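Here the structure is laid out as structure tokens; the discussion comes afterwards.
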Amino acid sequence: MTAERFVEAYFTYEGNPVRENVEPYADVHVLDDLQFEEPEMGYDDMGAVQSSVEDVDVYYGPSTDNQQDIVIHFDNAIRVDGVDTSTYSILDMDMVLSEETWKVEALHFYQLP
Numbered sequence: 061m062t063a064e065r066f067v068e069a070y071f072t073y074e075g076n077p078v079r080e081n082v083e084p085y086a087d088v089h090v091l092d093d094l095q096f097e098e099p100e101m102g103y104d105d106m107g108a109v110q111s112s113v114e115d116v117d118v119y120y121g122p123s124t125d126n127q128q129d130i131v132i133h134f135d136n137a138i139r140v141d142g143v144d145t146s147t148y149s150i151l152d153m154d155m156v157l158s159e160e161t162w163k164v165e166a167l168h169f170y171q172l173p
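Each residue of the sequence shown is one higher than the one before, starting from 61 at the first, in the working numbering.
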């Protein structure tokens with residue numbers, strides 16, 4: 061399923077997310093809004109960031125022949141300098157069928173403390 065592949069492609073990385081991994085699953089406007097580079101306010105002494113997803117749950121909302129509302133809940137596991145953390149995350153996304161391919165057209169991201 062494209063929505064789950066999008067989550068895996070964007071949130072599973074070492075260092076930074078890789079745009080080329082996400083491109084097959086997202087509209088260009090969504091890609092432009094996502095962060096693929098290191099933050100400008102990064103710390104020089106900070107080690108590499110490793111990110112992964114666990115416990116992915118997908119919920120389907122209203123749909124038409126070429127549009128689907130989807131909500132995905134998952135744990136975003138992050139490791140920095142050997143320290144592991146996990147954050148419960150929610151993606152609310154609109155998927156559209158374009159040229160026989162489903163892509164994320166709009167995205168709202170929430171993380172709970």
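Each residue gets a CB set at the ideal place from its N, CA and C atoms; glycine is no exception. Bear in mind the structure is a predicted one, so any value in this text is a computation, not a measurement.
- With a threshold of 16 other beta carbon atoms within 10 Å, residue 169 falls short and is exposed.
- Here the alpha carbons of residue 163 and residue 74 stand approximately 24 Å from one another.
- Under the three-state reduction of DSSP, residue 71 is assigned to helix.
- Here the region 77-95 does not lie against the region 113-131, with fewer than 3 beta-carbon pairs under 8 Å apart.
- Straight across, the Cα-Cα distance linking residue 65 with residue 132 is about 11 Å.
- Taking every protein chain shown into account, the CB of residue 62 has 16 or more other CB atoms within 10 angstroms, so this residue is buried.
- In this structure, the CA atom of residue 135 is about 11 Å from the CA atom of residue 173.
- Residue 154 and residue 137 do not touch by the CB rule: their CB atoms are close to 26 Å apart, not below 8 Å.
- In the structure shown, residue 114 falls within a strand segment according to DSSP collapsed to helix, strand and coil.
- The bridge partners DSSP lists for residue 139 are 110, 144.
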